[in-house]
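Here's the structure we're looking at; comments come further down.
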Amino acid sequence: MEPPVGQGDRSERFGEAGLREVLALEQQAKAMLRDAQAEASRIVAEARGRAEVLVASMEGEAREEGEAARRESQLQIDEQVGLIRGEAERLAEAWERVAEAHFEEALAFVLDIVTMNGVG
1063 MEPPVGQGDR SERFGEAGLR EVLALEQQAK AMLRDAQAEA SRIVAEARGR AEVLVASMEG
1123 EAREEGEAAR RESQLQIDEQ VGLIRGEAER LAEAWERVAE AHFEEALAFV LDIVTMNGVG
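Here it is in structure tokens:
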């Protein structure tokens, strides 16, 4: 049994309209997918950029902290060197005072030895 006249055309029109709607939805879905991929790429690029900035910042901070630690160590070394030099100078001055105090005595001893050796 055939559909009444005009009903077949109507069904075909509804079928074509449905097919057009499905195709339109597919195109919308593809467009949304492209947009989502573009947004994801943008987000990844932005995250990479932020990560690079963060790494550079952290490297800078690490360099600054390292330099500060080096300066602090150098100050401590300089302080210790100063203390050691000061102690060495005090010891040298003390030995010099002892030597000066006994210079006359030592000179007399040397002269005695020289003159005794020269006589004999």
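So the sequence shown is numbered by the working numbering: it starts at 1063 and just counts up by one.
Cβ coordinates follow ideal geometry from the N, Cα and C atoms, glycine included.
Treat the numbers as computed from the prediction; the structure is a model and nothing was measured.
Alpha-carbon spacing of residue i relative to residue j, whole angstroms
{"i": "Glu1141", "j": "Glu1123", "result": "27 angstroms"}
{"i": "Leu1008", "j": "Glu1108", "result": "Beyond the ends of the chain as shown, which are 1063 and 1182, falls residue 1008; an answer cannot be given."}
{"i": "Leu1095", "j": "Glu1083", "result": "18 angstroms"}
{"i": "Phe1165", "j": "Ala1154", "result": "16 angstroms"}
{"i": "Arg1125", "j": "Gln1089", "result": "53 angstroms"}
{"i": "Asp1174", "j": "Ile1146", "result": "40 angstroms"}
{"i": "Ala1091", "j": "Leu1085", "result": "10 angstroms"}
{"i": "Ala1150", "j": "Arg1112", "result": "56 angstroms"}
{"i": "Ala1156", "j": "Leu1137", "result": "28 angstroms"}
{"i": "Val1143", "j": "Arg1104", "result": "58 angstroms"}
{"i": "Val1176", "j": "Glu1167", "result": "14 angstroms"}
{"i": "Ala1170", "j": "Glu1158", "result": "18 angstroms"}
{"i": "Ala1163", "j": "Ala1131", "result": "48 angstroms"}
{"i": "Gly1148", "j": "Val1117", "result": "46 angstroms"}
{"i": "Gln1099", "j": "Glu1078", "result": "31 angstroms"}
{"i": "Ala1161", "j": "Arg1133", "result": "41 angstroms"}
Residue i at chain D interface by Cβ criterion, 8 angstroms
{"i": "Ala1124", "result": "The structure shown contains no chain D; it is built from a single protein chain."}
Inset, instruction - Only counting runs of 3 or more residues, tell me where the beta strand (DSSP E) segments fall wholly within the region 1099-1155, in order along the chain. - result: none
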